[in-house]
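Here the protein sequences line up with chains R and V, keeping their order. Offset between the first sequence (1-based) and this note's numbering: plus 4. Offset between the second sequence (1-based) and this note's numbering: plus 4.
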Amino acid sequence: MSATQAEMEAVVQRALDAAARAGASQADVLLVEGDDREVRVRGSEIEFVKQAQERGLGIRALVDGKEGRQTSIVSTSDLAPDAIERMAAEAVALAKATAADPTAGLPDGGFAEEIPDLALFDAQDRNVALEARIEDAKRAEAAARDFDPRIDNSEGSQASSGYARVVYGNSLGFVGSYESASHGLFSEPLAREGDSMQRDYWMTSGRRLSDLEDAASVGRKAADRAIRRLGGKSIKTCEAPVIFDGLTAPSLIGQIASCVSGYSIYRESSFLGDKLGEKIAASEVTIIDDGRLPGGLGSKPFDGEGQPTRRNTIVENGELKTWLLDTYSGRKLGLDSTGSAARGTGSAPRVGTTNLWLEPGEKTLDEMIAELDRGLIVTELIGMGFNPTTGDYSRGAAGLWVENGEILHPVEEITIAGNLGDMLQSIDRIGSELAWRGRTASPPIRIASMTIAGA
Amino acid sequence: MSSPDANGGSADRALAFFQDRFSLDDASLATALDTALERQVDYADLYFEYTTTDSVSLEEGIVKSGDRHLEQGVGVRAVRGERQGYAHSDDISVESARLAAGTARAIADETKDHAPVAIKTANTAHDLYPVGTAPTDVPVARKVDWLNEIDAYARARDPKVSQVMASIVCQHKHMLVAGSDGTRVADVLPLVRVNVQVLAADGTRREVGYQGAGGRFELEEMRNPAKWKGLVDEAVRIALLNLEAEACPAGAMDVVLGPGWPGILLHEAIGHGLEGDFNRKKTSAFSDKMGQRVAAEGVTVVDDGTITGRRGSINVDDEGTPSKRNVLIDNGILVGYMHDRLNAELMGVEPTGNGRRESYAHVPLPRMTNTFMLAGEDDPEEILKSVENGLYAVSFGGGQVDITSGKFVFSASEAYRIENGQIGRPVKGATLIGNGPDVLKRVTRIGHDLALDEGVGTCGKDGQGVPVGVGLPTIRVNDLTVGGTEG
Numbered sequence: 005m006s007a008t009q010a011e012m013e014a015v016v017q018r019a020l021d022a023a024a025r026a027g028a029s030q031a032d033v034l035l036v037e038g039d040d041r042e043v044r045v046r047g048s049e050i051e052f053v054k055q056a057q058e059r060g061l062g063i064r065a066l067v068d069g070k071e072g073r074q075t076s077i078v079s080t081s082d083l084a085p086d087a088i089e090r091m092a093a094e095a096v097a098l099a100k101a102t103a104a105d106p107t108a109g110l111p112d113g114g115f116a117e118e119i120p121d122l123a124l125f126d127a128q129d130r131n132v133a134l135e136a137r138i139e140d141a142k143r144a145e146a147a148a149r150d151f152d153p154r155i156d157n158s159e160g161s162q163a164s165s166g167y168a169r170v171v172y173g174n175s176l177g178f179v180g181s182y183e184s185a186s187h188g189l190f191s192e193p194l195a196r197e198g199d200s201m202q203r204d205y206w207m208t209s210g211r212r213l214s215d216l217e218d219a220a221s222v223g224r225k226a227a228d229r230a231i232r233r234l235g236g237k238s239i240k241t242c243e244a245p246v247i248f249d250g251l252t253a254p255s256l257i258g259q260i261a262s263c264v265s266g267y268s269i270y271r272e273s274s275f276l277g278d279k280l281g282e283k284i285a286a287s288e289v290t291i292i293d294d295g296r297l298p299g300g301l302g303s304k305p306f307d308g309e310g311q312p313t314r315r316n317t318i319v320e321n322g323e324l325k326t327w328l329l330d331t332y333s334g335r336k337l338g339l340d341s342t343g344s345a346a347r348g349t350g351s352a353p354r355v356g357t358t359n360l361w362l363e364p365g366e367k368t369l370d371e372m373i374a375e376l377d378r379g380l381i382v383t384e385l386i387g388m389g390f391n392p393t394t395g396d397y398s399r400g401a402a403g404l405w406v407e408n409g410e411i412l413h414p415v416e417e418i419t420i421a422g423n424l425g426d427m428l429q430s431i432d433r434i435g436s437e438l439a440w441r442g443r444t445a446s447p448p449i450r451i452a453s454m455t456i457a458g459a
Numbered sequence: 005m006s007s008p009d010a011n012g013g014s015a016d017r018a019l020a021f022f023q024d025r026f027s028l029d030d031a032s033l034a035t036a037l038d039t040a041l042e043r044q045v046d047y048a049d050l051y052f053e054y055t056t057t058d059s060v061s062l063e064e065g066i067v068k069s070g071d072r073h074l075e076q077g078v079g080v081r082a083v084r085g086e087r088q089g090y091a092h093s094d095d096i097s098v099e100s101a102r103l104a105a106g107t108a109r110a111i112a113d114e115t116k117d118h119a120p121v122a123i124k125t126a127n128t129a130h131d132l133y134p135v136g137t138a139p140t141d142v143p144v145a146r147k148v149d150w151l152n153e154i155d156a157y158a159r160a161r162d163p164k165v166s167q168v169m170a171s172i173v174c175q176h177k178h179m180l181v182a183g184s185d186g187t188r189v190a191d192v193l194p195l196v197r198v199n200v201q202v203l204a205a206d207g208t209r210r211e212v213g214y215q216g217a218g219g220r221f222e223l224e225e226m227r228n229p230a231k232w233k234g235l236v237d238e239a240v241r242i243a244l245l246n247l248e249a250e251a252c253p254a255g256a257m258d259v260v261l262g263p264g265w266p267g268i269l270l271h272e273a274i275g276h277g278l279e280g281d282f283n284r285k286k287t288s289a290f291s292d293k294m295g296q297r298v299a300a301e302g303v304t305v306v307d308d309g310t311i312t313g314r315r316g317s318i319n320v321d322d323e324g325t326p327s328k329r330n331v332l333i334d335n336g337i338l339v340g341y342m343h344d345r346l347n348a349e350l351m352g353v354e355p356t357g358n359g360r361r362e363s364y365a366h367v368p369l370p371r372m373t374n375t376f377m378l379a380g381e382d383d384p385e386e387i388l389k390s391v392e393n394g395l396y397a398v399s400f401g402g403g404q405v406d407i408t409s410g411k412f413v414f415s416a417s418e419a420y421r422i423e424n425g426q427i428g429r430p431v432k433g434a435t436l437i438g439n440g441p442d443v444l445k446r447v448t449r450i451g452h453d454l455a456l457d458e459g460v461g462t463c464g465k466d467g468q469g470v471p472v473g474v475g476l477p478t479i480r481v482n483d484l485t486v487g488g489t490e491g
C-alpha cells in the first residue's frame with residue numbers, strides 16, 4: 005500500500021501545479037506517509053496491538069496582495085487528483101480572505117543542495133516482525149516485575165516502531181525527500197510497600213533497533229526508580245541546591261530553546277528578548293542544536309522550508325549567541341533563517357529544535373551527590389508552571405533528599421521554584437553523563453539554590 | 005439505513021452524511037464487522053470520522069493566516085478479554101474497514117463461527133448541541149472582520165497593551181460507530197473556541213493575559229458583544245494585574261479557590277484517579293476505595309456529559325453509549341468510577357458513557373466530560389473572611405497528576421494573598437500541589453456559587469486530547485502546599 009518516492013513526489017508536484025492554476029503566486033507542499041506499530045504488554049498479557057498507515061498532505065498557498073502576501077494552510081489525507089485540485093482552490097480562496105503580510109513568503113533561496121545520508125533508518129529493521137517487538141516488551145515487563153517482590157503491578161511495557169517518508173516541494177523548484185524511522189521501548193512498573201504505591205518509568209529510543217538499550221535493562225531501571233520512590237514524603241519549605249537528573253534536566257534545556265525562538269523574540273514575549281550577546285548562564289553552559297547528528301532522533305537533512313539543517317550553538321560558555329529562526333521570524337528580525345523551521349502537514353512553518361543538548365561537564369551524578377551537603381535530586385517534574393515571558397518557574401516535583409553526600413529518603417508533594425534567568429546563572433555543576441532518549445538531552449545539572457515548597 | 009433514530013437530529017444527519025458521501029450502509033458495516041468476528045473475539049467496533057477544523061488567527065494587527073484541515077478515516081478495534089487489537093486507515097470505505105478489521109483481529113488466533121451481525125439503530129438519548137449553521141460554514145471573511153474588531157477593542161482598552169493575539173477555531177465532526185452487537189450510533193459535533201491573548205508592557209516588565217471561551221454551539225452565540233468583549237476585558241485585566249503581581253509565597257497554607265475554572269482541582273486531584281482503566285488495573289491511588297470516605301461531608305462531585313452546549317458534553321460517547329450524569333463522590337463517599345465498555349465489562353458494571361477518543365486513529369479510553377462539585381450553602385465572601393492568612397486562587401493554567409501516588413499540581417494564572425480575611429496583593433506563578441485521595445477531605449467550606457468554566461479545557465491522557473469542562477463553587481481547602489519563591 006505504501007507509495008514509492010517517485011509517486012509521492014508526483015503528488016507533491018500535482019498539488020503545486022494545482023495551486024498555481026488556482027492563482028497562488030507561491031506555494032509549498034508537504035506530504036508525509038507513515039507506518040506505525042505499537043504493542044503493550046502488561047504482566048504476562050499482550051494488552052494492546054496497534055498497526056496503522058497514515059498519510060497527510062499540507063498545502064501552503066500564498067497569494068500576492070497589495071502590500072505583501074496572503075497565506076493559508078490546507079491539509080487532508082485524501083490524495084485523489086480531484087480532491088487535490090479542490091483543495092488547492094480552497095487554499096487560494098482561503099488565503100484571499102486573510103490580510104496581506106509584507107513578511108510572508110517562501111525563502112528567497114538557499115535551499116538544501118544535497119540530501120546527506122543521516123542514518124535515519126536501518127533497512128534491515130523493516131523486516132523485523134511485530135512478534136519481535138512484542139518479545140521486547142515482554143522482556144522489559146518481565147525484568148521489571150522480577151526485579152523486586154515489591155513490584156507487584158504495572159501500567160505495562162510498550163514497544164513502538166514507526167517509519168515515515170517525508171516529501172517537501174515548493175514553487176521555487178525545490179523538491180526533497182527523506183525516509184526515517186524511530187523505535188522505542190518504555191516500561192512503567194508500580195512498587196508497593198504498606199500504604200505507599202509509586203510508579204516510575206525508564207525508556208530508550210532510536211532511529212535503529214540496534215540503538216535501543218537492552219529490553220531487560222529498561223525494565224530493571226524502571227523498577228529500580230519506582231522502588232526508590234517508596235515511602236516518599238514532603239519536606240519543610242526551604243532554600244537548597246537542586247540537582248536535575250538525566251531525565252528531568254532536558255526539560256530545562258527545552259524551555260531555554262523555546263525562549264530563543266524567533267517568534268517569541270519578535271513578539272517580545274521572551275525573558276531573553278534583549279539578551280543576545282550577553283552572558284545569560286554560568287560559564288560552563290554550552291547549548292547546541294544540531295539537525296545533522298548521524299542517527300539523531302531530531303535529525304533531518306532539510307527543515308520545514310527546504311533549508312539545509314545545521315549546527316547552531318545557542319549558548320557558548322554562558323553567552324547567548326543566536327536565536328533559532330525560520331524564514332518568517334528571521335525576516336521579522338532582519339536575520340537569516342537558521343534552518344530551524346519545523347512543519348507539520350496542518351501547520352505553517354514554526355521554529356523548532358532538532359537535536360538539542362547541553363554539553364557535558366566533568367563529574368558523574370554519583371560524584372555530584374557525594375559532594376552535596378544538603379539538597380534535592382529531582383527525578384520527576386509535573387505540571388506546566390513556566391512563564392516564558394518572565395522566566396518565572398514553579399513546578400511540582402518528586403525526587404530524593406540528600407544530606408552529607410548520602411541519599412536520605414525519597415521526597416514527594418513538593419514544588420521547586422525560581423526564575424529561569426537566575427537558575428541559568430547559578431548552574432554550578434554539570435554532569436558528565438549525556439544520554440539521548442529523545443530529541444533533547446542533558447547531563448545532570450545542579451542549580452545552586454531554589455525555593456522548595458513543602459509541608 | 006431505514007429507520008430514523010428516536011431523537012432524530014444530529015444522529016440522522018450523521019447517518020445520512022456517511023451514507024451519501026461514502027456509501028456506508030448497514031449491510032457494509034455488517035460486512036466489515038463480520039471480518040473481525042471470524043476470529044475468537046469478544047467484541048469489535050468500527051469508528052468512522054470526518055472532521056473539518058478551521059482556524060483564523062491574528063497577530064500584529066493583521067489576520068496573517070487561515071487554516072483548514074480535514075481529518076477522515078476509520079478505526080477498527082477487536083477485543084478479547086483484556087486484549088485489544090487496533091488498526092486504522094485514513095480512507096473511509098468498507099474495503100479499508102475490512103482490511104483494518106483483518107489486522108485488528110490478529111490479537112486472537114483461533115477462528116470462530118459466528119452469527120452474522122445484524123445492525124440496529126440505537127437510541128442516542130440526547131440532542132445536546134443542535135446547530136443551524138456548522139461553525140466551519142461561517143464565512144472566513146466574517147471571522148477575519150471579527151478578529152480585527154477584537155484587536156481594535158483590546159488595543160483601545162489600555163495603552164500598556166503592546167501585543168494582541170487572537171484566534172477563532174471551529175470544528176465540525178461527523179462520527180459513526182458500529183459494534184459487533186449490532187449497535188450503530190452516529191452524531192454530529194460542533195465545537196467553537198475564541199482565544200484572546202494580550203501582552204502588556206510597563207517599562208521593562210512584560211506580562212501576558214489570556215482568556216478564551218467556547219462550547220458546542222453556533223459561532224453566532226459568541227458574537228454577542230457582551231460575550232466577546234468580556235473575554236478581551238478579562239485578558240487585558242489579567243495582563244495588567246500580573247504587571248503588579250508580586251512573588252508568590254511558598255509553603256503550606258489555607259487556600260480559597262474561586263468558582264469556575266479552579267474546578268481543574270477536581271479534574272486533576274480525583275477525576276483521573278476515578279477513571280475505570282486505572283481502577284480495574286489497581287494502579288490508581290483510589291483503587292479499592294469504593295464506598296469509602298474520600299472527601300469531606302458536603303462534597304458531592306459529578307461528571308455530567310449531558311449539559312446542553314458545553315465543551316465537554318457528548319450525545320453519545322465514542323463507543324456509542326449515551327452520555328450520562330454520573331455521581332462520583334456523594335456527600336464525601338466514593339460512589340462511582342467512569343467507564344468505557346472494556347473496563348466496565350472487566351469490572352462487571354455498566355458503561356457510564358465515558359469511552360472517548362481523540363480521533364479515529366486512537367483507541368477509546370475512560371475519560372471525563374464535564375466534572376464539577378455541586379454547590380454548598382456558604383456565602384463566598386464569608387468563606388474569604390474565614391481565612392486569616394492564605395491564598396485566593398481565581399484562575400488557573402494547566403495541571404497534571406500522578407495517578408499512582410495521587411500527587412497533583414495545578415498552576416494559578418490569577419491569585420492573591422489573603423490577609424486578615426481580605427483579598428490582598430496579587431501574586432504570580434503560584435503552583436499548588438497536593439495529594440488526591442486526601443485533599444478533598446480538607447475542604448471546610450463550600451459556596452453557593454457553582455460556576456462552570458468558560459469552555460476551553462482540553463484533557464490529555466496517553467497522548468490523546470479530548471475537550472472537557474470543569475466547575476466549582478468557591479471552596480476553602482485547608483493546608484495546601486503553595487509553590488512560590490517567597491519563604
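For each residue, glycine too, the CB sits at the ideal point set by N, CA and C.
query, result
"Residue 101(V) to residue 177(V) span [Cα, whole Å]", "19 Å"
"Simplified DSSP assignment, three categories, for residue 364(V)", "coil"
"Local conformation of residue 473(V) per DSSP, three classes", "strand"
"Short Cβ contact (8 Å threshold) for residue 287(R) with residue 334(R)", "no"
"Residue 424(V) burial status per 10 Å Cβ neighbour count (16 or more: buried)", "exposed"
"Residue 8(V) versus residue 16(V): straight-line alpha-carbon distance, rounded", "Reliability of the predicted coordinates at residue 8(V) is poor, the pLDDT of 38 falling under 50, and the value obtained from them is presented with this limitation in mind. Cα to Cα, the separation comes out at about 6 Å."
"Given 8 Å, three or more beta-carbon pairs between the segment 215-233 of chain V and the segment 432-451 of chain V", "no"
"Interface partners of residue 88(V) on chain R, CB under 8 Å", "51, 52, 53"
"Residue 11(V), DSSP secondary structure in three states", "Here the model assigns residue 11(V) a pLDDT of 48, short of 50, so the residue's position is not dependable and the matter cannot be decided."
"Near-chain V residues of the segment 379-395 of chain R - C-beta to any C-beta below 8 Å", "384, 386, 387, 388, 389, 391, 393, 394"
"Chain R within 8 Å of residue 429(V), Cβ atoms only", "no"
"Three-way DSSP call (helix, strand, coil) for residue 20(V) in this model", "helix"
"DSSP beta-bridge partners of residue 169(R)", "37(R), 183(R)"
"DSSP bridge partner residues for residue 396(V) (one or two, in chain order)", "260(V), 420(V)"
"Candidates 428(V), 362(V), 309(V), 463(V): closest to residue 404(V) by CA position", "463(V)"
"Beta bridge counterpart(s) of residue 178(V) as assigned by DSSP", "54(V), 192(V)"
"Interface flag, residue 71(R) vs chain V, CB-CB below 8 Å", "no"
"Span of the beta strand (DSSP E), counted from its first residue to its last, around residue 411(R)", "410-423"
"Cβ pair count under 8 Å reaching 3, the segment 361-374 of chain V against the segment 470-485 of chain V", "yes"
"Short CB-CB distance (under 8 Å) between residue 111(V) and chain R", "yes"
"Within 9 Å of chain R by C-beta, residues of the segment 60-75 of chain V in sequence order", "60, 62, 63, 64, 65, 66, 67, 68, 69, 70, 71, 72, 73, 74, 75"
"Validate contact between the segment 292-303 of chain V and the segment 343-359 of chain V using beta carbons, cut 8 Å, 3 pairs", "no"
"Buried versus exposed call for residue 240(R) [16 or more other C-beta atoms within 10 Å across all chains shown]", "exposed"
"Partners in chain R for residue 439(V), counting only beta-carbon separations shorter than 8 Å", "417"
"Cutoff 6 Å; reference residue 40(R); Cβ partners in own chain excluding five residues on either side", "56, 166"
"Where residue 439(R) falls: helix, strand or coil (DSSP)", "coil"
"Interface residues of the segment 76-89 of chain R facing chain V [CB-CB below 8 Å]", "76, 77, 78, 79, 80, 81, 82"
"With 16 other Cβ atoms within 10 Å as the buried cut-off, status of residue 383(V)", "exposed"
"Buried or exposed (CB count within 10 angstroms, at least 16 for buried), residue 366(V)", "buried"
"Beta-carbon proximity check, residue 303(R) vs residue 342(R), cutoff 8 Å", "no"
"Beta-carbon spacing of residue 352(R), residue 59(R) below 8 Å", "no"
"Backbone secondary structure at residue 311(V) - three-state DSSP", "coil"
"Proximity of residue 106(R) and residue 72(R) at Cβ, strictly below 8 Å", "yes"
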